[in-house]
Amino acid sequence: MSDMPAALEAANLHVRAGDHPAVRGVSAAFAAGQFTAVIGPNGAGKSTLLRALLGLTAIHAGEVRVDGRPLTTLTRAERARDLAFLAQGEPLPDSARVRDVVALGRGAGAWRWGLIPTRPWTQEDEDAVKTALERTDTRQFAGRRVSELSGGERQRVGLARALVAGPRYLLLDEPTNHLDLAYALELVRHLRCEVAGGLGVVAVLHDLNLAARADRIVLLHRGQVLAAGAPDTVLTPAHLHAAYGVRTRVVHDADRLLVIPED
Ligand SMILES: Nc1ncnc2c1ncn2[C@@H]1O[C@H](COP(=O)(O)OP(=O)(O)O)[C@@H](O)[C@H]1O
Ligand SMILES: [Mg+2]
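Residue 125 in full-length UniProt numbering sits at position 125 of the sequence shown; the count goes up by one each step and never skips.
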């Protein structure tokens, strides 16, 4: 285990979406304990790559590896535990209470909604729910219904549900899309705390100035990696012009990068 890379890796990955070659030979490592942003224009293959990394879509060629092991050799239970997904605009059950929604992420216990539990509910499950609620600042409204929450609060409940099984990697597809600036920054702050605890975060982000806060960025263009590395090596006017066809200025403000469109 020690000489295995602690990373979720794509090795020369080719994935089709319908007839369309959406991901074409992507190699990238998403390390545990790092926040990696995946950026690129619409249709670049970001969502397809994420789904392939999660084993949710058939791979045409290449391989996904989790800490050195081919994803295909993990059991369903191992996959469900190690990889968590917060999908784009993922709906939460409106009439359910927050605590129950988060508990559902444990895949245990007896559930009202006709799901068959694989094992009984334990004290460990109970503790994990409590921890997830605390870590995402959702404990104070654990008894409320989802319909009674603001957009930002809902997103944190989704995050709590994704974290409650104790994943090694969390993949998020445009998690800040419907959030205002304050909530988007708050979500990134929460993710950062989890990353400090060793979680590998892979987030598709549209906002380049949010992506600039990541440890690493992978820039996709037409299903291929156009650039990957530290934000200041990826967010260059040349890369951004090649990918988005837009002229930008990239300025350093204190320890931060800012991308300013000039068109
Ligand atoms: N089911 C499908 N059938 C055909 N083409 C698809 C399908 N799903 C996605 N695509 C195409 O694959 C490309 C990549 O899609 P996607 O991964 O969703 O891109 P992104 O998330 O970067 O916007 C796009 O050109 C899209 O139109
Ligand atoms: Mg997408």
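By construction, the Cβ of each residue, glycine as well, lies at the ideal position given by its N, Cα and C atoms.
**OP:** Scan the stretch 23-60 and note each continuous alpha helix (DSSP H) run of 4 residues or more that stays entirely inside, going in chain order.
**Re:** 46-53
Original post:
If we ignore side chains and look at the alpha-carbon of each, how far apart do ARG24 and LEU240 end up?
Top reply: To locate residue 24, count along the sequence shown from 1; it is residue 24. To locate residue 240, count along the sequence shown from 1; it is residue 240. If you take the alpha carbons of ARG24 and LEU240, they lie about 20 Å apart.
Original post:
Are at least three pairs of beta-carbons, each pair with one atom in the stretch 230-250 and one in the stretch 65-73, less than 8 Å apart?
Top reply: No: the two stretches stay apart, fewer than three of their Cβ pairs being nearer than 8 Å.
**OP:** Please work out which residues of its chain come closer than 6 Å, Cβ to Cβ, to ARG99, disregarding the five sequence neighbours upstream and downstream, and give them in chain order.
**Re:** One-based indexing of the sequence shown puts residue 99 at position 99. Counting only Cβ-Cβ distances below 6 Å, and skipping sequence neighbours, we find ALA142.
Original post:
Which class does ASN209 belong to by DSSP, given the choice of helix, strand or coil?
Top reply: As a first step, residue 209 is located in the sequence shown; it is residue number 209 there, counting from the start. Three-state result, ASN209: helix.
**OP:** Report yes if the C-beta distance between ALA80 and VAL102 is below 8 Å; otherwise report no.
**Re:** In the sequence shown, residue 80 corresponds to position 80, counting from 1. In the sequence shown, residue 102 corresponds to position 102, counting from 1. No, these two residues do not count as a Cβ contact at 8 Å.
Subject >> the stretch 77-92 touching the stretch 155-167, judged by at least three CB pairs closer than 8 Å >> reply: yes
Original post:
Since ALA242 and THR36 are thought to touch, with beta carbons under 8 Å apart, how far apart are those beta carbons, to the nearest angstrom?
Top reply: Here residue 242 corresponds to residue number 242 of the sequence shown, with the count starting at 1. Here residue 36 corresponds to residue number 36 of the sequence shown, with the count starting at 1. Actually they are not in contact, since the Cβ atoms of ALA242 and THR36 sit about 20 Å apart, beyond 8 Å.
Original post:
In chain order, what residues have a CB nearer than 5 Å to some heavy atom of ligand 1?
Top reply: With the criterion CB distance below 5 Å from any heavy atom of ligand 1, the matching residues run ALA17, GLY18, HIS20, ALA22, ASN42, GLY43, ALA44, GLY45, LYS46, SER47 and THR48 along the chain.
Original post:
What number of angstroms, rounded off, separates the C-alpha of ASP255 from the C-alpha of ALA212?
Top reply: In the sequence shown, residue 255 corresponds to position 255, counting from 1. In the sequence shown, residue 212 corresponds to position 212, counting from 1. Taking the straight line joining both Cα atoms gives about 10 Å.
Original post:
From ILE260 to SER47, what distance separates their C-alpha atoms?
Top reply: Looking up residue 260 in the sequence shown gives position 260. Looking up residue 47 in the sequence shown gives position 47. Approximately 25 Å, taken between the alpha carbons.
Subject >> DSSP three-state assignment for THR72, whether helix, strand or coil >> reply: To locate residue 72, count along the sequence shown from 1; it is residue 72. Looking at THR72 - three-state DSSP - the assignment turns out to be helix.
**OP:** Leaving aside the five residues before and after LEU50 along the sequence, list all residues of the same chain whose C-beta is less than 8 Å from its C-beta, in chain order.
**Re:** The residue given as residue 50 occupies position 50 in the sequence shown. Same-chain partners within the cutoff: VAL38, PHE85, LEU171, ASP173, VAL202 and VAL204.
**OP:** State yes or no: is the C-beta of VAL204 nearer than 7 Å to some heavy atom of ligand 2?
**Re:** Within the sequence shown, the letter at position 204 stands for residue 204. VAL204: yes, Cβ under 7 Å from ligand 2.
Original post:
Which residues in the same chain as GLU262 place their Cβ atom closer than 7 Å to its Cβ, once the five residues preceding and following it in sequence are excluded?
Top reply: As a working mapping, residue 262 is identified with position 262 in the sequence shown. If we look at GLU262 and ignore the five residues flanking it on each side, its Cβ neighbours are ARG247, THR248 and ARG249.
**OP:** Mind the definition here: the stretch 216-224 touches the stretch 52-67 only if three or more C-beta pairs lie below 8 Å; say whether that holds.
**Re:** no
**OP:** Pull up the CB-CB distance for ARG154 and ASP137, whole angstroms please, since I reckon it's below 8 Å.
**Re:** As a first step, residue 154 must be located in the sequence shown, where it is residue number 154. As a first step, residue 137 must be located in the sequence shown, where it is residue number 137. Between ASP137 and ARG154 the Cβ distance is about 13 Å, and since that is not below 8 Å, they are no contact.
Subject >> Under 8 Å between C-beta atoms of LEU92 and VAL129 >> reply: Stepping through the sequence shown from its first residue, residue 92 is reached at position 92. Stepping through the sequence shown from its first residue, residue 129 is reached at position 129. In this structure, VAL129 does not lie closer than 8 Å to LEU92 by Cβ.
Original post:
For PRO231, which three-state DSSP category applies?
Top reply: Position 231 of the sequence shown holds residue 231. Reduced to three states, the DSSP call for PRO231 is helix.
**OP:** Please name the residue in HIS206, PRO167, GLY223 and VAL188 whose C-alpha comes closest to that of ALA32.
**Re:** As a position in the sequence shown, residue 32 is number 32, starting the count at 1. Considering only alpha carbons, the answer is PRO167.
Original post:
In its own chain, which residues sit with a C-beta less than 6 Å from the C-beta of ARG139, not counting the 5 before and 5 after it?
Top reply: If you number the sequence shown from 1, residue 139 lands on position 139. Within the same chain, ARG139 has close Cβ partners LEU133.
Original post:
Given ARG112, which residues of its chain have a CB within under 6 Å of its CB, disregarding the five upstream and five downstream residues?
Top reply: Position 112 of the sequence shown holds residue 112. In this prediction, ARG112 scores a pLDDT of 46, lower than 50, which makes its location untrustworthy; no coordinate-derived value is stated.
Original post:
What is the C-beta distance between ALA10 and VAL26, in whole angstroms, given that I count them as a contact (C-beta under 8 Å)?
Top reply: The count along the sequence shown starts at 1 and reaches residue 10 at position 10. The count along the sequence shown starts at 1 and reaches residue 26 at position 26. Contact holds; Cβ gap of about 5 Å.
**OP:** Grab the span of the alpha helix (DSSP H) containing VAL102 for me, first residue to last.
**Re:** Numbered from its first residue, the sequence shown carries residue 102 at position 102. Element bounds for VAL102: 98-104.
Original post:
Is any heavy atom in ligand 2 found nearer than 7 Å to the beta carbon of ASP173?
Top reply: What you label residue 173 is simply residue 173 of the sequence shown in a count that begins at 1. Checking every heavy atom of ligand 2 against the Cβ of ASP173, one is found closer than 7 Å.
Subject >> Proximity below 8 Å, CB of GLY229 to CB of TYR183 >> reply: Here residue 229 corresponds to residue number 229 of the sequence shown, with the count starting at 1. Here residue 183 corresponds to residue number 183 of the sequence shown, with the count starting at 1. It is not a contact, given that the beta carbons lie outside the stated cut-off.
Subject >> Heavy atom of ligand 2 within 7 Å of GLN88 beta-carbon >> reply: Indexing the sequence shown from 1 puts residue 88 at position 88. True, at least one ligand heavy atom lies under 7 Å from that Cβ.
**OP:** Take ASN209 and list the residues in its own chain whose beta-carbon comes closer than 7 Å to its own, dropping the five residues that flank it on each side.
**Re:** The sequence position of residue 209 within the sequence shown is 209, counting from 1. Once the five neighbours on either side are set aside, the close Cβ partners of ASN209 are LEU258 and VAL259.
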